[in-house]
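*Asks:*
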Amino acid sequence: MHESEYWDSFKSGEVNGLEALYGQYYQSLANYGCKFTHDDVCIEESIQDLFRRLWQNREWLHHATAVKQYLYHSFRRILLGKLEYGADAYNEAPDEQVPFELQLKDEHPLFSGERMSALLHRAQHLLGSMAYRQREILFLRYYVGLSHDEVADVMNMHISGVSKLMYRTLDHLRNKACNFSLLTLLYLLRQS
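Residue numbers (the working numbering): -19 to 172.
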């Protein structure tokens, strides 16, 4: 079954559809939540709240053509609310107020030992030089695989804002990473 079929199934009152969506997205939502906070309980509660609200409000939900986008958008709003960036933090928190941390994995079969350590150190330094929103946009675009339109929805931005931020982010990386391959960084990010 495709995710939109699971969505329609749970909307019609079948708990199996919701369970399938939960099973399919739990780990990726938890991973996304870890970028905002290390509070596992808060992340778990936010995921539970998301799926509880979905079930309670299923009759009023529309047919979702972009289930992943909807789940990330809703989860982000719930999590940021729990992290006390304000009830309407999603819309009003300044970009730099909401932390977003990326940690790269330190093991890969293509690189070993000192080479991998050097790459990771360099990549973490590059990521550390970026604003939180720049990190989040890279994560959503290249790790989660969302389109520009979907990233705009999740981050509550206009599509033109996403395009500008993505351009500035990639330009920043090009300028800061003179001898460091942007493709290597994006590959490491994708593997994290």
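Glycine included, every Cβ here is placed at the ideal spot set by N, Cα and C.
Since we're looking at a predicted model, the values are computed, not measured.
1. Closest to M185 by CA distance: which of V134, E81, R33, V47 is it?
2. From H128, Y112, S(-8), L41, pick the residue whose C-alpha is nearest to that of V78; which is it?
3. Quick one, which of Y5, L30, R38, Y52 has its alpha-carbon nearest G(-7)'s?
4. Using CA atoms only, rank isn't needed, just tell me which of Q83, H(-18), Q104, H101 is closest to K48.
5. Measuring alpha carbon to alpha carbon, tell me which of T149, H105, L120, H138 ends up nearest S8.
6. Would you mind sorting E24 into buried or exposed? The rule is 16 or more other CB atoms within 10 Å of its CB.
7. Check this for me: beta carbons of H42 and D133, under 8 Å apart or not?
8. Is DSSP giving D151 helix, strand or coil here?
9. Identify which residue in D(-12), D129, C22, G141 has its Cα closest to the Cα of W40.
10. Specify the secondary structure class of A157 as computed by DSSP and reduced to three states.
11. Classify L90 as helix, strand or coil using the three-state DSSP reduction.
*Replies:* The relevant details are as follows:
1. Residue 185 cannot be examined here, being either before or after the span of the chain that is shown, -19 to 172.
2. The residue with the shortest Cα to Cα distance from V78 is Y112.
3. Ranking Y5, L30, R38, Y52 by Cα distance to G(-7) puts R38 first.
4. Selected option, being the one with the closest Cα: H(-18).
5. The shortest Cα separation from S8 among T149, H105, L120, H138 belongs to L120.
6. So E24 counts as exposed.
7. Result no, Cβ atoms of H42 and D133 do not sit closer than 8 Å.
8. In the structure shown, D151 sits in a helix (DSSP, three-state: H, G or I).
9. Looking at D(-12), D129, C22, G141, the one whose alpha-carbon comes closest to that of W40 is D(-12).
10. Three-state DSSP puts A157 in coil, outside helix and strand.
11. Here L90 scores only 49 on pLDDT, less than 50, and its place in the model should not be relied on; the value that follows carries that caveat. Of the three classes helix, strand and coil, the one that applies to L90 here is coil, per DSSP.
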